[in-house]
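Presented below is the structure to which this report refers.
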Amino acid sequence: MNGASHIASSLSAILPILILMGTACVALMGDVFIWKRQRALTGIVALIGSVWALVVNLQQILGYGSSEPFSGSLVYDSLSQTTSLVLLIATVLSVLLAITYLRNRGLELGEYHVLLLFSASGAMLMGAANDLIMLFIGIEVLSVALYVLAGIARTEERSEEAAIKYFLLGAFASGFLLYGIALVYGATGTTNLQQINHLFSAKASITPILVAGIGLLIVGLGFKAALVPFHQWTPDVYEGAPTSVTAFMAAAAKVGAFAAFLRIMNAFMPVQPAWITAIQVLAILTMVFGNLLAVVQDNVKRMLAYSSIAHAGYVLVAVASTGMIYRHAVLYLSQGDRAAMFYLLAYVFMTVGAFGVLVLLSRSGKDYQTMNDLKGLARTHPFAAYTMMFFMLSLGGIPPTMGFLGKWLIFNAAISAHQVTLAIVMALASVVGIYYYLRVVWMMCFQEPEGAPATEHPVNDWAARWSVIVSLAGTLMFGVLPALLSPIMTGLYH
Amino acid sequence: MQAAFFGVIAFLSILSAILMVMNRNPVRSALFLVANFALLAVLYLTLAAQFIAAVEIIVYAGAIMVLFLFVLMLLSLGASHALRERGGLQPLVAIILGLIFLASLSAAGAIGTLGPGQATPQWVKNGGTVKAIGTALFDPRLPWLFPFEVTSILLLVAVVGAIVLAKRRV
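Those protein sequences? They're chains A and B, same order as listed.
With the working numbering, letter number 107 in the first sequence gets 107, and the count goes up by one each step, no holes.
With the working numbering, letter number 80 in the second sequence gets 574, and the count goes up by one each step, no holes.
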């Protein structure tokens, strides 16, 4: 293949990412030079761009293609396409939330949407990375934009604190990751994940330096995915960041990190004994402590932060049960990978939905944050209360929601991969989880509202409302009819 | 000869790093950091990485150090008492943790087990030159073109982010 046509086919393979990046550039330029006084337009442009990217991504998925764009720095297969799909759904929902939230809080900065789109494209690159260098650059694009987004409410101390904390710990984690990449390169002589896989398939030699390298990679990604014991930043950052940022951060950073986890662990599949224990221990710690710490939280955003840690533990169970196979250069997703992708999609719908309800309730100067704020919500804000109830039930894993089905798929994958301990811990941890999710429902539906109902002038919140409705529709529809996803998840029930 | 040279440079670079951390005067710390960067550049040269050695001097010892010194001058932290540690426990814990990290790395074999390099004279002559790196970065048959281009997005994000966070009015 000659150079020009190779680049042309490479560009068409990453079209969704290019659309996001292009939209971000157009929005940035337009915001600064063209529609200076119409800040709301930037949000609309970002929305159109991300929906367009989503449509192109769906076309690619239904086309069942797979390729290695740019001479193997990226790989476009079912895993990266599904990751992109999950991320683009999260992006569309988050842009909608941001349109309402920024207006309600008087924070209308066009750069918000620009950074959000760049951040999403970074996460998509992580999912498509076929090379540890590419993976690192993807992580940095994702994270640098998120650091700024966390601190975008510059007049608030807590937002600044969140940004600084996230930045420092994120930089620290990047250091671990880079050191890990260097050691893996030292052990294998390559940073290309597919070559690493071939190398170990031919001869699975576990050297100490390789173990150290994989360990540092797991620590670095563990920070990004907020696994216990690398989770300390999560509650503070989730609480301090503006709620719409928290929604996106909880979704995109985690999906990106887990896509990277799946890629790396599958590359190191032939040397599984070198890392499986670490993943198992991390999964158990994350599930147990995430759920136990969530129980004692009084702030809803902190509670959701710990709940997102717990959910990271569930997905990690799927990572421990992974086992993709490259056969004739085509990637076959294992049961564990499909369960992980399904769960991540469910997680995006429920978490962005739950934070979306908080966005919907936010009015200028006031955030709904504590459990007390939620008292009697069913009477004062019935739409918010009842949608929130469904998200809580889904997060708790109660049928007929997507959260239940996702847990069930991961449970099955763990059993068939002989990870029985993990499956048992997961089931027990989920039971603890149900307690604190139902506490929110109880507060909303069976408690009297506190204080006099504040007179609220009606605001135009169509965007956040639509975001919540779409999240709810996704949570329920794919919970009842998961077969709708099977062409996308490439044979969920094979 | 080679090992002895490496030993001297490595010793000096570690010494300058320690002096940089231990020094109470921030300006002197910064100057030891410059020395450290220069010694690292020499180490890169011994690895036939001429380009990286030059970039280390230009970017780190040049640009970044100037920024450091600017900040030091602006904050007028010249007085040595300004930086005195409040609690004495932190350095001790840091040293212990550092030793544990070192011990676990060497137990894992990450230190001292990298075999001899496979550098040929041809590679040493051409490997780390600007030309070789430029060709590697822009050759579409190699996988580095795309990551290189994406770093421009990374820089754009950083610039936009810095402006957003530093702008006065909301």
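Backbone N, C-alpha and C fix where the C-beta goes; we use that ideal spot for every residue, glycine too.
>> So if I threshold CB-CB distances at 9 Å, which residues from the segment 646-658 of chain B count as touching chain A?
In response: For the segment 646-658 of chain B, which is checked against every Cβ of chain A, the residues closer than 9 Å are Ile647, Leu648, Leu650, Val651, Ala652, Val654, Gly655, Ala656, Ile657 and Val658.
> Rounded to a whole number of angstroms, what is the C-alpha to C-alpha distance between Gln369/A and Val114/A?
Replying inline: If you draw a straight line from the Cα of Gln369/A to the Cα of Val114/A, it comes to about 27 Å.
>> Just to confirm before moving on: does the CB-CB distance between Ala46/A and Val86/A stay below 8 Å?
In response: Between Ala46/A and Val86/A, the C-beta gap is not smaller than 8 Å, which leaves the two residues out of contact.
>> Tell me the DSSP secondary structure of Leu227/A in three-state form.
In response: Of the three classes helix, strand and coil, the one that applies to Leu227/A here is coil, per DSSP.
> Roughly how many whole angstroms lie between the Cα atoms of Gln185/A and Ser646/B?
Replying inline: Note on identity: in this sequence residue 185/A is Tyr, with Gln being the wrong assignment. Looking at the two C-alpha atoms, the distance is approximately 25 Å.
> Taking any Cβ of chain B, which residues in the segment 187-211 of chain A have a Cβ under 8 Å from it, in chain order?
Replying inline: For the segment 187-211 of chain A, which is checked against every Cβ of chain B, the residues closer than 8 Å are Asn192, Thr207, Pro208, Ile209 and Val211.
>> Classify Glu111/A: buried if its beta carbon has 16 or more other beta carbons within 10 angstroms, exposed otherwise.
In response: Label assigned to Glu111/A: buried.
>> Output needed for Val502/B: all residues of its chain with C-beta closer than 6 Å, excluding positions within five of it in sequence on either side, in chain order.
In response: The answer is none, since no qualifying residue turns up.
> Is the shortest distance between the beta-carbon of Leu636/B and the beta-carbons of chain A less than 8 Å?
Replying inline: It does; some Cβ of chain A falls within 8 Å.
> Is Ala464/A helix, strand or coil by DSSP?
Replying inline: Helix.
> Between the beta-carbon of Tyr238/A and the beta-carbon of Leu293/A, is there less than 8 Å?
Replying inline: Not a contact, by the Cβ cut-off of 8 Å.
> Would you say Phe640/B reaches chain A, if we count a Cβ-Cβ gap shorter than 8 Å as a contact?
Replying inline: True, the Cβ-Cβ gap to chain A drops below 8 Å.
>> For Gly70/A, would you say it is in contact with chain B, using Cβ-to-Cβ distances shorter than 8 Å as the test?
In response: It should be pointed out that residue 70/A corresponds to Phe in this sequence rather than to Gly. Residue contact check for Phe70/A against chain B: a CB pair falls below 8 Å.
> Of the residues Ala4/A, Glu140/A, Gln195/A and Ala251/A, which one's Cα is nearest the Cα of Thr83/A?
Replying inline: Nearest of Ala4/A, Glu140/A, Gln195/A and Ala251/A to Thr83/A, Cα basis: Ala251/A.
>> Using DSSP's beta-bridge definition, name the partner residues of Ala129/A.
In response: Leu74/A.
> In angstroms, rounded to a whole number, what distance separates the CA positions of Glu550/B and Ser334/A?
Replying inline: So the alpha carbons of these two residues sit roughly 45 Å apart.
> Roughly how many whole angstroms lie between the Cα atoms of Asp31/A and Ile218/A?
Replying inline: Rounded to whole angstroms, Asp31/A to Ile218/A spans 39 Å at the Cα level.
> Applying a beta-carbon distance threshold of less than 7 Å, which residues of chain B neighbour Ile550/A?
Replying inline: Absent from the model: residue 550/A. The displayed extent of chain A is 1 to 494, so no value can be given.
>> Rounded to whole angstroms, what is the Cα-Cα separation between Leu15/A and Tyr76/A?
In response: Between Leu15/A and Tyr76/A, the C-alpha separation is close to 11 Å.
> Applying the criterion that 16 or more other CB atoms from any shown protein chain within 10 Å of the CB defines a buried residue, is Phe268/A buried or exposed?
Replying inline: It counts as buried.
>> Tell me which residue opens and which closes the alpha helix (DSSP H) that Pro487/A is part of.
In response: Per DSSP, Pro487/A belongs to no alpha helix (DSSP H) and is neither H nor E.
> Would you report the Cα separation of Phe258/A and Val317/A, rounded to the nearest angstrom?
Replying inline: C-alpha separation (whole angstroms): 11 Å.
> Does the segment 89-108 of chain A come within contact of the segment 629-638 of chain B, defined as at least 3 CB pairs closer than 8 Å?
Replying inline: No, the segment 89-108 of chain A is not in contact with the segment 629-638 of chain B.
> Where does the unbroken alpha helix (DSSP H) through Tyr185/A begin, and where does it stop?
Replying inline: Element bounds for Tyr185/A: Glu157 to Thr188.
>> Taking 8 Å as the cut-off, does the segment 620-631 of chain B touch the segment 51-58 of chain A (at least 3 CB pairs, one atom from each stretch)?
In response: As far as the Cβ criterion goes, the segment 51-58 of chain A does not touch the segment 620-631 of chain B, which means the pair count is below three.
>> Could you compute how far the alpha carbon of His328/A sits from the alpha carbon of Arg302/A?
In response: Reliability of the predicted coordinates at His328/A is poor, the pLDDT of 49 falling under 50, and the value obtained from them is presented with this limitation in mind. Roughly 46 Å between the two C-alpha positions.
> For the segment 277-291 of chain A against the segment 130-146 of chain A, are there 3 or more C-beta pairs whose distance is under 8 Å?
Replying inline: The segment 277-291 of chain A makes no contact with the segment 130-146 of chain A; the number of CB pairs closer than 8 Å stays below 3.
>> Below 7 Å on C-beta distance, what does His6/A contact in chain B?
In response: Simply Pro634.
> Cα separation between Ala498/B and Leu541/B?
Replying inline: Whole-angstrom Cα-Cα distance: 15 Å.
> The alpha helix (DSSP H) spanning Ile17/A covers which residue range?
Replying inline: In the DSSP annotation of this structure, the continuous segment of the alpha helix (DSSP H) that includes Ile17/A starts and ends at Leu15 to Met29.
> Under a CB-based cut-off of 8 Å, is Ala128/A close to chain B?
Replying inline: No, no contact with chain B.
> Between the C-alpha atoms of Gly72/A and Glu450/A, what's the straight-line distance to the nearest angstrom?
Replying inline: The straight-line gap from Cα to Cα measures roughly 59 Å.
> Looking at the C-beta of Phe118/A, does it have a partner C-beta in chain B at a distance below 8 Å?
Replying inline: It does; some Cβ of chain B falls within 8 Å.
>> Along the chain, where does the alpha helix (DSSP H) containing His198/A start, and where does it finish?
In response: Run containing His198/A: Leu193 to Ala202, per the alpha helix (DSSP H) assignment.
>> Just to confirm before moving on: does the CB-CB distance between Met426/A and Tyr347/A stay below 8 Å?
In response: It is not a contact, given that the beta carbons lie outside the stated cut-off.
>> Just to confirm, is the Cβ distance from Gly479/A to Leu405/A under 8 Å?
In response: The criterion of a C-beta distance shorter than 8 Å is satisfied by Gly479/A and Leu405/A.
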